[in-house]
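S.K.: Numbering (the numbering used here), first residue to last: 103 to 423. Idealized CB from N, CA, C, for every residue including glycine. Bear in mind the structure is a predicted one, so any value in this text is a computation, not a measurement.
Set out below in structure tokens:
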């Protein structure tokens, strides 16, 4: 009888101990694992996409998700292989920034057929017969309009302007569209007209944009401004202008707000950028995944506004040198 009484006492202590620790743990331990989010981004060499990936990882962890963030290195074949791996490993959700907005279609369909929800960030899929829960991106059209306003501000007397484009990206098409519309509206009511004299492919890269700027200067020695669709293009344009001895004669409007772009704005090398918020994109993607997993309705498209970043902003920016 003593044996059984002792056993009951020990059992009671054990149960009480488990109950008290589980209450404490609930306040201190992370949420239970909710699955894995597979993420295939255009590239992780670009700081913009690196921030998206890092933010998704951080936010997903807060919601109890693991992540597998991969760089497709601008290869649709590599992205296809990554998505197949996500499907085999039964990811809870897949996030893509497509390397090719058309070729990504069959890849997304394979995830659809496997019953895995797909979300896209920054770059959309161009096909309509695929199931994408939510596309999250910068308001590139609105940002392009901000870039146009920045150019008008930078050139109060007007002048000739060139555009360094990256025509294969829909985001860049929207930026140039917004920029052009604002300039055309300005010209309709102002004597200080801004003439877009040339649109050249800059490859969204510093070296190609520098070469394109060299070509522009051969044709338009009196150029007053350049709109570059991203910071690498803007920095390439700046390098070419410095080489030609025209750095102070031409105002540059970039786009993105990457650290080196912001630093150049602070130093007066670029006039302004409509800056993007890749961290907000990462947060919104995870929020959409959680909402969808809970059976809640999710908006098909979420656009995040840009903000025009000038030298005064750079001088007040504690993250810069």
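Can you tell me which of the three DSSP states residue 316 falls into?
M.R.: For the purposes of this step, residue 316 is taken as the residue at position 214 of the chain shown. Residue state, collapsed to three classes: helix.
S.K.: Do you know offhand how far residue 362's Cα is from residue 307's?
M.R.: To locate residue 362, count along the chain shown from 1; it is residue 260. To locate residue 307, count along the chain shown from 1; it is residue 205. Cα to Cα, residue 362 sits roughly 14 Å from residue 307.
S.K.: Locate the alpha helix (DSSP H) running through residue 174, then write down its first and last residues.
M.R.: As a position in the chain shown, residue 174 is number 72, starting the count at 1. Looking at the DSSP string, residue 174 is not in any alpha helix (DSSP H), and its letter there is neither H nor E.
S.K.: Please go through the same chain and pick out, in chain order, the residues whose beta-carbon is closer than 6 Å to the beta-carbon of residue 250, but skip the five residues on each side of it.
M.R.: Along the chain shown, read from residue 1 onward, the residue named residue 250 stands at position 148. The residues are 281, 284, 285.
S.K.: Name the DSSP beta bridge partners of residue 301, please?
M.R.: Residue numbering aside, residue 301 sits at position 199 when the chain shown is read from its first letter. 265.
S.K.: Please look up how many angstroms separate the CB atoms of residue 387 and residue 221, rounded, as I've assumed it's under 8 Å.
M.R.: On the chain shown, position 285 is the one that residue 387 refers to. On the chain shown, position 119 is the one that residue 221 refers to. Contact holds; Cβ gap of about 6 Å.
S.K.: Label residue 252 either buried or exposed according to how many other C-beta atoms from any shown protein chain fall within 10 Å of its C-beta, with 16 as the threshold for buried.
M.R.: Here residue 252 corresponds to residue number 150 of the chain shown, with the count starting at 1. When all chains shown are included, residue 252 counts as buried.
S.K.: What are the boundary residues of the alpha helix (DSSP H) that includes residue 247?
M.R.: Within the chain shown, the letter at position 145 stands for residue 247. Residue 247 -> alpha helix (DSSP H) spans 242–256.
S.K.: How long is the line joining the alpha carbons of residue 417 and residue 409, rounded to whole angstroms?
M.R.: In the chain shown, counting from the first residue as 1, residue 417 sits at position 315. In the chain shown, counting from the first residue as 1, residue 409 sits at position 307. Each residue's alpha carbon lies about 16 Å from the other.
S.K.: Whole angstroms is fine: what's the gap from residue 187's alpha carbon to residue 170's?
M.R.: One-based indexing of the chain shown puts residue 187 at position 85. One-based indexing of the chain shown puts residue 170 at position 68. C-alpha separation (whole angstroms): 11 Å.
S.K.: Can you tell me where the alpha helix (DSSP H) holding residue 382 begins and where it ends?
M.R.: For this step, residue 382 is matched to residue 280 along the chain shown. Per DSSP, residue 382 belongs to the alpha helix (DSSP H) from 380–395.
S.K.: Pull up the CB-CB distance for residue 177 and residue 225, whole angstroms please, since I reckon it's below 8 Å.
M.R.: Taking the first residue of the chain shown as 1, we reach residue 177 at position 75. Taking the first residue of the chain shown as 1, we reach residue 225 at position 123. About 14 Å separates the two Cβ atoms, so there is no contact after all.
S.K.: Once DSSP output is grouped into helix, strand and coil, what is the label at residue 155?
M.R.: To locate residue 155, count along the chain shown from 1; it is residue 53. Helix.
S.K.: Rounding to the nearest angstrom, what Cα-Cα distance links residue 349 and residue 298 in this structure?
M.R.: Residue numbering aside, residue 349 sits at position 247 when the chain shown is read from its first letter. Residue numbering aside, residue 298 sits at position 196 when the chain shown is read from its first letter. Cα to Cα, residue 349 sits roughly 19 Å from residue 298.
S.K.: How big is the Cα-Cα spacing for residue 384 and residue 323?
M.R.: Residue 384 sits at position 282 when you count from the first residue of the chain shown. Residue 323 sits at position 221 when you count from the first residue of the chain shown. So the two alpha carbons sit approximately 43 Å from each other.
S.K.: Kindly provide the ranges of any alpha helix (DSSP H) runs that are 4 or more residues long and lie completely inside the stretch 166–221, ordered along the chain.
M.R.: Counting whole runs of 4 or more residues, the stretch 166–221 contains the alpha helix (DSSP H) stretches 178–190, 206–215.
S.K.: Give me the Cα-Cα distance between residue 206 and residue 182, rounded to the nearest whole angstrom.
M.R.: If you number the chain shown from 1, residue 206 lands on position 104. If you number the chain shown from 1, residue 182 lands on position 80. Straight-line Cα distance between these residues: approximately 8 Å.
S.K.: Just how far apart, CA to CA, sit residue 150 and residue 247?
M.R.: The sequence position of residue 150 within the chain shown is 48, counting from 1. The sequence position of residue 247 within the chain shown is 145, counting from 1. Each residue's Cα considered, the two are about 21 Å apart.
S.K.: Between the stretch 328–339 and the stretch 287–297, are three or more C-beta pairs nearer than 8 Å?
M.R.: Segments in contact, no.
S.K.: Anyone know if the C-beta pair for residue 158 and residue 139 falls short of 8 Å?
M.R.: As a first step, residue 158 must be located in the chain shown, where it is residue number 56. As a first step, residue 139 must be located in the chain shown, where it is residue number 37. In this structure, residue 139 lies closer than 8 Å to residue 158 by Cβ.
S.K.: Assuming residue 353 and residue 257 make a contact with CB atoms under 8 Å, what is their CB distance in whole Å?
M.R.: Numbered from its first residue, the chain shown carries residue 353 at position 251. Numbered from its first residue, the chain shown carries residue 257 at position 155. Confirmed, Cβ separation roughly 6 Å.
S.K.: Return the CA-CA distance between residue 216 and residue 189, expressed in angstroms with no decimal places.
M.R.: On the chain shown, position 114 is the one that residue 216 refers to. On the chain shown, position 87 is the one that residue 189 refers to. Each residue's alpha carbon lies about 7 Å from the other.
S.K.: Following the continuous alpha helix (DSSP H) through residue 143, name the residue where it begins and the one where it ends.
M.R.: For this step, residue 143 is matched to residue 41 along the chain shown. Premise fails: residue 143 lies in the beta strand (DSSP E), 137–143, not in any alpha helix (DSSP H).
S.K.: Provide the residue(s) that pair with residue 438 in DSSP beta bridges, ordered along the chain.
M.R.: Because the chain is modelled from 103 through 423, residue 438 falls outside the range shown and cannot be assessed.
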